[in-house]
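Participant: Our numbering numbers the first residue of the sequence shown as -5 and each following residue consecutively.
Using N, Cα and C, we set each Cβ at its ideal position, and we do this for glycine too.
Note that this is a predicted model, so its numbers are computed, not measured.
Below you'll find the structure I mean.
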Amino acid sequence: MEDFNRDRRIPINQVLSSQYCRCLDTAKLLNLGAVQPYPMLNSIFEDRTTATQQNQEVRQQIFNHRNTSGVIVMVSHFANIGEISGISPQSGEAVVMRINQQGDLEVVGQIQD
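Shown next as structure tokens:
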């Protein structure tokens, strides 16, 4: 991902990560900027009690960023990404999403490591 970004010079606005060690480590290893722990990206796999709230807040974070330059990189978990995007990513795969003109979240691509 670091090489992918370096080759394309995509401006990174924020790097947000689940608070789980493996996500924080992955986010740091991407070397895309300062990593901010973001609890709404924590895994919803085992404890579904906050899943709806977490997904809504992640969607809102993306929506609020729609008119801002640069991208937000979010490092999360299979279950979270699947629920928000409708895609079951492979380990190490990135799902690229944006807010379309209708205000809906849409997948625009995937990046395989």
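Given a threshold of 16 other Cβ atoms within 10 Å of its Cβ, counted over all protein chains shown, does residue 17 qualify as buried or as exposed?
Facilitator: Walking along the sequence shown from the start, residue 17 turns up at place 23. Classification of residue 17: buried, given that the 10 Å Cβ count is 16 or more.
Participant: Could you spell out the range, first to last residue, of the alpha helix (DSSP H) harbouring residue 104?
Facilitator: Here residue 104 is taken as the residue at index 110 of the sequence shown, counted from 1. Looking at the DSSP string, residue 104 is not in any alpha helix (DSSP H); the run it does join, the beta strand (DSSP E), is 99 to 105.
Participant: Take residue 9 and list the residues in its own chain whose beta-carbon comes closer than 6 Å to its own, dropping the five residues that flank it on each side.
Facilitator: Numbered from its first residue, the sequence shown carries residue 9 at position 15. Result list for residue 9: 21, 26, 27, 29, 67, in chain order.
Participant: Pull up the distance between the alpha-carbon of residue 103 and that of residue 94, whole angstroms please.
Facilitator: Indexing the sequence shown from 1 puts residue 103 at position 109. Indexing the sequence shown from 1 puts residue 94 at position 100. Rounded to whole angstroms, residue 103 to residue 94 spans 14 Å at the Cα level.
Participant: Quick test of your reading: residue 12 and residue 35, contact by CB under 8 Å. State the CB separation rounded to the nearest angstrom.
Facilitator: Position 18 of the sequence shown, counted from the start, is the residue given in the question as residue 12. Position 41 of the sequence shown, counted from the start, is the residue given in the question as residue 35. Contact flag correct, Cβ pair sits at about 4 Å.
Participant: Is it the case that the Cβ atoms of residue 49 and residue 77 are separated by a distance below 7 Å?
Facilitator: The residue you call residue 49 lines up with position 55 of the sequence shown. The residue you call residue 77 lines up with position 83 of the sequence shown. The answer is yes: Cβ separation under 7 Å.
Participant: Give me the Cα-Cα distance between residue 33 and residue 56, rounded to the nearest whole angstrom.
Facilitator: As a position in the sequence shown, residue 33 is number 39, starting the count at 1. As a position in the sequence shown, residue 56 is number 62, starting the count at 1. Approximately 15 Å between the Cα atoms of the pair.
Participant: Considering only C-alpha positions, which residue in the set 53, 3, 39, 43 is nearest to residue 100?
Facilitator: Locating residue 100 in the sequence shown gives position 106, where the first residue counts as 1. Selected option, being the one with the closest Cα: 53.
Participant: Going residue by residue through the segment 21 to 94, where are the continuous beta strand (DSSP E) segments of at least 3 residues, counting only ones entirely within it?
Facilitator: The qualifying runs are 29 to 31, 65 to 69, 88 to 93.
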